[in-house]
(Lines of atoms letter the chains of each structure in order from A and count residues from 1; the text may use other names and numbers.)
(Lines give C-alpha, C1' and ligand atoms only; values in the text may rest on other atoms or scores of the structure.)
Protein backbone atom coordinates (compact mmCIF):
# COMPACT_ATOMS: atom_id res chain seq x y z
CA UNK A 1 0.00 0.00 0.00
CA UNK A 2 2.90 2.35 0.72
CA UNK A 3 4.28 1.84 -2.77
CA UNK A 4 0.94 2.62 -4.36
CA UNK A 5 0.69 5.83 -2.37
CA UNK A 6 4.21 6.83 -3.37
CA UNK A 7 3.56 6.37 -7.08
CA UNK A 8 -0.01 7.63 -7.21
CA UNK A 9 0.30 10.49 -4.74
CA UNK A 10 -1.63 13.48 -5.99
CA UNK A 11 -2.84 11.80 -9.16
CA UNK A 12 -6.48 11.64 -10.19
CA UNK A 13 -7.57 8.21 -11.34
CA UNK A 14 -8.43 8.29 -15.03
CA UNK A 15 -6.46 11.46 -15.73
CA UNK A 16 -2.85 10.86 -14.78
CA UNK A 17 -0.67 7.91 -13.94
CA UNK A 18 2.54 7.69 -11.92
CA UNK A 19 4.91 10.59 -12.41
CA UNK A 20 2.13 12.82 -13.75
CA UNK A 21 1.98 11.07 -17.13
CA UNK A 22 -1.27 11.51 -19.07
CA UNK A 23 -3.14 8.55 -20.52
CA UNK A 24 -2.43 8.25 -24.23
CA UNK A 25 1.05 9.70 -23.72
CA UNK A 26 3.68 7.28 -25.14
CA UNK A 27 5.29 7.33 -21.69
CA UNK A 28 2.09 6.06 -20.08
CA UNK A 29 3.30 2.51 -20.79
CA UNK A 30 5.87 2.96 -18.02
CA UNK A 31 3.10 4.00 -15.63
CA UNK A 32 1.20 0.80 -16.44
CA UNK A 33 4.37 -1.23 -15.82
CA UNK A 34 4.72 0.44 -12.43
CA UNK A 35 1.12 -0.32 -11.48
CA UNK A 36 1.46 -3.93 -12.65
CA UNK A 37 4.67 -4.41 -10.66
CA UNK A 38 3.04 -2.97 -7.54
CA UNK A 39 0.08 -5.32 -7.94
CA UNK A 40 2.41 -8.31 -8.41
CA UNK A 41 4.41 -7.34 -5.32
CA UNK A 42 1.27 -7.01 -3.21
CA UNK A 43 -0.01 -10.40 -4.44
CA UNK A 44 3.36 -12.00 -3.64
CA UNK A 45 3.32 -10.51 -0.15
CA UNK A 46 -0.17 -11.94 0.48
CA UNK A 47 0.63 -15.33 -1.06
CA UNK A 48 3.96 -16.05 0.61
CA UNK A 49 3.98 -13.57 3.44
CA UNK A 50 7.29 -11.95 2.48
CA UNK A 51 7.70 -8.19 2.13
CA UNK A 52 9.09 -7.72 -1.38
CA UNK A 53 8.17 -4.06 -1.43
CA UNK A 54 11.71 -2.78 -0.98
CA UNK A 55 13.05 -4.65 -4.02
CA UNK A 56 10.06 -3.69 -6.14
CA UNK A 57 10.24 -0.09 -4.98
CA UNK A 58 13.87 0.17 -6.10
CA UNK A 59 13.07 -1.40 -9.48
CA UNK A 60 10.06 0.87 -9.99
CA UNK A 61 12.05 3.93 -9.00
CA UNK A 62 14.55 3.09 -11.77
CA UNK A 63 11.76 2.72 -14.36
CA UNK A 64 10.20 6.05 -13.40
CA UNK A 65 13.64 7.72 -13.24
CA UNK A 66 14.48 6.74 -16.81
CA UNK A 67 10.96 7.50 -18.08
CA UNK A 68 11.11 11.03 -16.68
CA UNK A 69 14.16 11.78 -18.85
CA UNK A 70 11.78 11.82 -21.81
CA UNK A 71 10.11 14.91 -20.39
CA UNK A 72 13.27 17.00 -20.89
CA UNK A 73 14.61 18.44 -24.14
CA UNK A 74 18.36 18.39 -23.51
CA UNK A 75 20.63 16.95 -20.83
CA UNK A 76 23.49 19.30 -19.89
CA UNK A 77 26.27 17.19 -18.43
CA UNK A 78 28.08 18.34 -15.31
CA UNK A 79 31.76 19.28 -15.17
CA UNK A 80 34.35 18.29 -13.99
CA UNK A 81 32.49 15.20 -12.74
CA UNK A 82 30.39 13.93 -15.65
CA UNK A 83 27.06 12.16 -15.32
CA UNK A 84 28.40 8.77 -16.45
CA UNK A 85 25.61 6.22 -15.75
CA UNK A 86 22.97 8.95 -15.63
CA UNK A 87 24.09 10.10 -19.08
CA UNK A 88 23.63 6.54 -20.33
CA UNK A 89 20.14 6.44 -18.82
CA UNK A 90 19.31 9.75 -20.52
CA UNK A 91 20.53 8.49 -23.89
CA UNK A 92 18.60 5.23 -23.49
CA UNK A 93 15.47 7.29 -22.80
CA UNK A 94 16.09 9.29 -26.00
CA UNK A 95 17.40 12.46 -24.35
CA UNK A 96 20.42 14.05 -26.09
CA UNK A 97 23.35 14.80 -23.77
CA UNK A 98 25.73 17.73 -24.27
CA UNK A 99 29.07 17.31 -22.51
CA UNK A 100 32.42 19.01 -22.02
CA UNK A 101 35.38 16.65 -22.34
CA UNK A 102 37.90 17.15 -19.55
CA UNK A 103 41.35 15.86 -18.70
CA UNK A 104 40.46 13.31 -15.99
CA UNK A 105 38.68 9.98 -16.29
CA UNK A 106 35.47 11.24 -14.66
CA UNK A 107 35.50 14.30 -16.93
CA UNK A 108 35.87 12.18 -20.09
CA UNK A 109 33.36 9.40 -19.46
CA UNK A 110 30.30 11.10 -20.95
CA UNK A 111 32.33 12.01 -24.04
CA UNK A 112 33.27 8.34 -24.46
CA UNK A 113 29.63 7.33 -24.02
CA UNK A 114 28.48 9.83 -26.66
CA UNK A 115 31.15 8.67 -29.08
CA UNK A 116 30.19 5.03 -28.46
CA UNK A 117 26.55 5.76 -29.22
CA UNK A 118 27.45 7.74 -32.37
CA UNK A 119 26.85 11.32 -31.24
CA UNK A 120 30.34 12.89 -31.19
CA UNK A 121 28.80 16.22 -32.25
CA UNK A 122 27.51 16.57 -28.68
CA UNK A 123 31.03 16.49 -27.23
CA UNK A 124 32.69 19.87 -26.69
CA UNK A 125 36.30 20.64 -25.74
CA UNK A 126 36.01 24.09 -24.14
CA UNK A 127 33.65 25.98 -21.85
CA UNK A 128 32.92 28.41 -24.68
CA UNK A 129 31.96 25.58 -27.06
CA UNK A 130 29.83 23.93 -24.35
CA UNK A 131 27.94 27.17 -23.69
CA UNK A 132 27.55 27.89 -27.41
CA UNK A 133 26.29 24.34 -28.03
CA UNK A 134 23.75 24.57 -25.20
CA UNK A 135 22.45 27.88 -26.51
CA UNK A 136 22.30 26.65 -30.10
CA UNK A 137 20.32 23.55 -29.13
CA UNK A 138 18.00 25.59 -26.91
CA UNK A 139 17.26 27.99 -29.76
CA UNK A 140 17.23 25.57 -32.72
CA UNK A 141 14.46 23.12 -31.94
CA UNK A 142 14.71 21.53 -35.39
CA UNK A 143 18.35 20.67 -34.75
CA UNK A 144 17.47 19.30 -31.32
CA UNK A 145 14.67 17.19 -32.81
CA UNK A 146 17.05 15.90 -35.51
CA UNK A 147 19.46 14.82 -32.74
CA UNK A 148 16.60 13.09 -30.89
CA UNK A 149 15.63 11.22 -34.07
CA UNK A 150 19.24 10.26 -34.75
CA UNK A 151 19.55 9.00 -31.17
CA UNK A 152 16.35 6.97 -31.59
CA UNK A 153 17.86 5.25 -34.65
CA UNK A 154 21.26 4.74 -33.04
CA UNK A 155 19.75 3.33 -29.89
CA UNK A 156 18.69 0.28 -31.89
CA UNK A 157 22.11 -0.35 -33.45
CA UNK A 158 24.82 1.25 -31.30
CA UNK A 159 27.23 -1.14 -29.56
CA UNK A 160 26.70 0.83 -26.34
CA UNK A 161 23.17 -0.58 -26.04
CA UNK A 162 23.74 -3.98 -27.68
CA UNK A 163 23.73 -6.26 -24.63
CA UNK A 164 23.71 -9.43 -26.72
CA UNK A 165 26.84 -8.37 -28.60
CA UNK A 166 28.53 -7.44 -25.30
CA UNK A 167 27.64 -10.86 -23.84
CA UNK A 168 29.09 -12.68 -26.85
CA UNK A 169 32.34 -10.69 -26.67
CA UNK A 170 32.74 -11.26 -22.93
CA UNK A 171 32.10 -14.98 -23.32
CA UNK A 172 34.63 -15.16 -26.16
CA UNK A 173 37.19 -13.34 -24.00
CA UNK A 174 36.59 -15.83 -21.16
CA UNK A 175 37.07 -18.78 -23.54
CA UNK A 176 40.30 -17.27 -24.91
CA UNK A 177 41.63 -16.63 -21.39
CA UNK A 178 40.75 -20.17 -20.33
CA UNK A 179 42.49 -21.65 -23.37
CA UNK A 180 45.70 -19.79 -22.57
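In the numbering used here, the protein residues as written are 475 to 654. A virtual CB, placed ideally from N, CA and C, is assigned to each residue, including glycine. No experiment lies behind these values; they were computed from the predicted model shown.
In the structure shown, residue 574 adopts extended strand secondary structure according to DSSP, grouped into three states. The continuous stretches of alpha helix (DSSP H) do not include residue 593, and DSSP gives it neither H nor E. In the displayed model, residue 550 falls within a strand according to three-state DSSP. Annotation: residue 630 to residue 636 spans about 8 Å, alpha carbon to alpha carbon.
Check the Cα spacing between residue 614 and each of 543, 540, 589, 548: the tightest is with 548.
Contact check for residue 603 against residue 574 passes: the beta carbons are separated by less than 9 Å. Annotation: residue 579 to residue 554 spans about 10 Å, alpha carbon to alpha carbon. Between residue 592 and residue 632, the CB-CB gap stays under 9 Å. Non-local beta-carbon contacts of residue 558 in its own chain, meaning distances under 8 Å to residues more than five positions away in sequence, involve 580, 583, 584, 587 in chain order.
Here the alpha carbons of residue 639 and residue 647 stand approximately 12 Å from one another.
In the structure shown, residue 631 falls within a coil segment according to DSSP collapsed to helix, strand and coil. Where residue 603 is concerned, the enclosing alpha helix (DSSP H) starts and stops at 601 to 613. In the three-state DSSP reduction, residue 558 falls in the coil class, being neither helix nor strand. Excluding residues up to 5 positions away in sequence, nothing lies with its Cβ nearer than 6 Å to the Cβ of residue 594 in the same chain. Residue 647: member of the alpha helix (DSSP H) spanning 637 to 653, first to last residue.
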